[in-house]
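Asks: Residue numbers (our numbering): 160 to 316.
Input: one structure, supplied below.
See the structure below:
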């Protein structure tokens, strides 16, 4: 998904108060797939095929745990509401903060590490190339995992 669709998936979920483990597991899954919380128990996501399938699975889990769940396909009532929905998913400030933190981390410690010296350029290029936030996060995650693996196995005691 490279652009926002004109429809949104809204998951409304309630779980029994006795199921703290299930509640936490479902809440973490909701955060992981990138839902925006409209209020407690109401989560919004662009209605792409993958996202709807993920929310459908979570709704099923909630029901299996004795809760209730509804997955609705919704449209914004007007352009202002559409803009408000889209703003919930704007990660520009988060990416700028991440890039600044990575740049600062790269500059600490004196001698630049060859593997890290191009990291800032890689982030900028990935951001320009990948308009889908999920794809961008997946690529950045893979790069960070690679850097971590490299540096954790090549540390000098």
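In this text, a Cβ means the ideal position worked out from N, Cα and C, and glycines have one as well.
Can you tell me where the alpha helix (DSSP H) with residue 221 in it begins and where it stops?
Replies: Locating residue 221 in the chain shown gives position 62, counting from the first residue. That run of the alpha helix (DSSP H) goes 208–223.
Asks: Going by beta-carbon coordinates alone, are residue 165 and residue 234 separated by less than 8 Å?
Replies: Position 6 of the chain shown, counted from the start, is the residue given in the question as residue 165. Position 75 of the chain shown, counted from the start, is the residue given in the question as residue 234. Taking 8 Å as the Cβ cut-off, residue 165 and residue 234 qualify as a contacting pair.
Asks: Who are the near neighbours of residue 298 in its chain, counting only those whose CB is closer than 8 Å to its CB and skipping five residues on each side?
Replies: Working through the chain shown from its first residue, we reach residue 298 at position 139. 285, 289, listed in sequence order.
Asks: Per DSSP, which residues does residue 233 bridge with? Please list them.
Replies: By 1-based counting over the chain shown, the position of residue 233 is 74. Its beta-bridge partners are 167.
Asks: Start and end of the beta strand (DSSP E) containing residue 250?
Replies: As a working mapping, residue 250 is identified with position 91 in the chain shown. From DSSP, residue 250 is part of no beta strand (DSSP E); its letter is neither H nor E.
Asks: With a CB to CB cut of under 7 Å and the five nearest residues on each side skipped, what residues in its chain are close to residue 162?
Replies: The residue you call residue 162 lines up with position 3 of the chain shown. Note that residue 162 scores 43 on pLDDT, short of 50, meaning its location in the model is unreliable; the coordinates nonetheless yield the value given after this. Here the set comprises nothing.
Asks: Whole angstroms are fine: how far does the CA of residue 307 sit from the CA of residue 236?
Replies: As a working note, residue 236 is residue 77 in the chain shown. As a working note, residue 307 is residue 148 in the chain shown. About 46 Å.
Asks: Determine the extent of the beta strand (DSSP E) in which residue 175 is found, giving its start and end residues.
Replies: Position 16 of the chain shown, counted from the start, is the residue given in the question as residue 175. Segment: none, residue 175 is in no beta strand (DSSP E) and carries neither H nor E.
Asks: For residue 203, name the three-state secondary structure that DSSP assigns.
Replies: Counting from 1 along the chain shown, the entry for residue 203 is found at position 44. Here residue 203 sits in strand by DSSP.
Asks: By Cβ distance, which residues of its chain are closer than 8 Å to residue 219, with the 5 residues on each side in sequence left out?
Replies: As a working mapping, residue 219 is identified with position 60 in the chain shown. Closer than 8 Å at the Cβ level, and outside the excluded window around residue 219, lie 228.
Asks: Using a Cβ-Cβ cutoff of less than 7 Å, which residues in the same chain neighbour residue 206 once the five nearest sequence positions on both sides are dropped?
Replies: Translated into the one-based positions of the chain shown, residue 206 becomes position 47. Contacts found: 164, 166, 167, 168, 232.
Asks: Check the DSSP bridge columns for residue 198 and list the partner residues they point to.
Replies: Indexing the chain shown from 1 puts residue 198 at position 39. Per DSSP, 201.
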